[in-house]
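> If you read the sequence shown in the numbering used here, its first letter stands for residue 24, the second for the next number, and so on.
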Amino acid sequence: KKLNIDTIYLIRDPFNSLISYSKSIRHEDEFLRRGLKSINTKEWIDAYLDGPIHFWINHTRVMLEHEKSIIVRYNYFKDDWKLINNVPNISKFFNYKENDVTKILNPESIEYIRYRTRELCEKLDLTEY
Numbered sequence: 024k025k026l027n028i029d030t031i032y033l034i035r036d037p038f039n040s041l042i043s044y045s046k047s048i049r050h051e052d053e054f055l056r057r058g059l060k061s062i063n064t065k066e067w068i069d070a071y072l073d074g075p076i077h078f079w080i081n082h083t084r085v086m087l088e089h090e091k092s093i094i095v096r097y098n099y100f101k102d103d104w105k106l107i108n109n110v111p112n113i114s115k116f117f118n119y120k121e122n123d124v125t126k127i128l129n130p131e132s133i134e135y136i137r138y139r140t141r142e143l144c145e146k147l148d149l150t151e152y
């Protein structure tokens with residue numbers, strides 16, 4: 024079917040994304056190999072937001088600048104998916120559970136991530152934290 028778009032991007036807010044990406048079953052070992060000791064440090068957060076572990080800020084900018092794309096946000100998946108024409112409704116198969124951000128990230132880390140990502144999160148309407 025003709026969608027009139029190039030790409031469907033799926034994005035998670037930077038807080039939940041950092042936490043999930045940093046879990047031991049995902050990429051925690053990559054952070055630790057680089058001498059980073061805790062998710063609640065600027066170095067760990069920067070390695071996620073800017074690289075070399077992940078490039079959340081850059082990926083998000085690319086998504087926002089890509090004119091022939093649609094952005095689907097994890098925490099609004101069902102609503103966002105409905106806006107895409109000519110695709111099957113897969114939202115019933117999408118199971119999303121957020122992390123308890125305030126139990127994992129300390130207030131300083133939350134504020135630092137908010138400071139680094141505020142503009143992008145506002146553009147995406149990802150402003151819960």
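Just so you know, even glycine gets a beta-carbon here, dropped at the ideal spot from N, CA and C. In this text, all values refer to a predicted model and were calculated from it rather than measured experimentally.
One question on the structure: do Ile34 and Tyr135 come within less than 9 Å of each other, judged by their Cβ atoms?
The count along the sequence shown starts at 1 and reaches residue 34 at position 11. The count along the sequence shown starts at 1 and reaches residue 135 at position 112. Cβ distance not < 9 Å, so Ile34 and Tyr135 don't count as in contact.
> Got a sec, what are the start and stop residues for the beta strand (DSSP E) Leu33 sits in?
Position 10 of the sequence shown, counted from the first residue, corresponds to residue 33. Its beta strand (DSSP E) spans residues 30-34.
> Helix, strand or coil: how does DSSP classify Arg49 here?
As a first step, residue 49 must be located in the sequence shown, where it is residue number 26. Coil.
> If we call anything under 9 Å between Cβ atoms a contact, is Leu185 one with Lys126?
Outside the modelled stretch of the chain, which goes from 24 to 152, sits residue 185, for which no answer is possible.
> For Arg137, does the three-state DSSP call read helix, strand or coil?
Indexing the sequence shown from 1 puts residue 137 at position 114. Note: Arg137 maps to helix in three-state DSSP.
> Alpha carbon to alpha carbon, how far is Lys120 from Ser43?
As a working mapping, residue 120 is identified with position 97 in the sequence shown. As a working mapping, residue 43 is identified with position 20 in the sequence shown. One C-alpha to the other measures close to 11 Å.
> Looking only at its own chain, which residues have a Cβ that is under 8 Å from the Cβ of Asn81, when we skip the five neighbours before and after it?
Along the sequence shown, one-based indexing puts residue 81 at 58. If we look at Asn81 and ignore the five residues flanking it on each side, its Cβ neighbours are Asp73, Gly74.
> Going by C-alpha distance, which of Ala70, Asn27, Lys65 is nearest Arg56?
Looking up residue 56 in the sequence shown gives position 33. Cα-wise, what sits closest to Arg56 is Ala70.
> For Trp79, collect the residues of the same chain with a Cβ closer than 7 Å to its Cβ; drop the 5 residues on either side in sequence, then sort them by chain order.
Walking along the sequence shown from the start, residue 79 turns up at place 56. Same-chain partners within the cutoff: Pro37, Ser40, Tyr71, Leu72.
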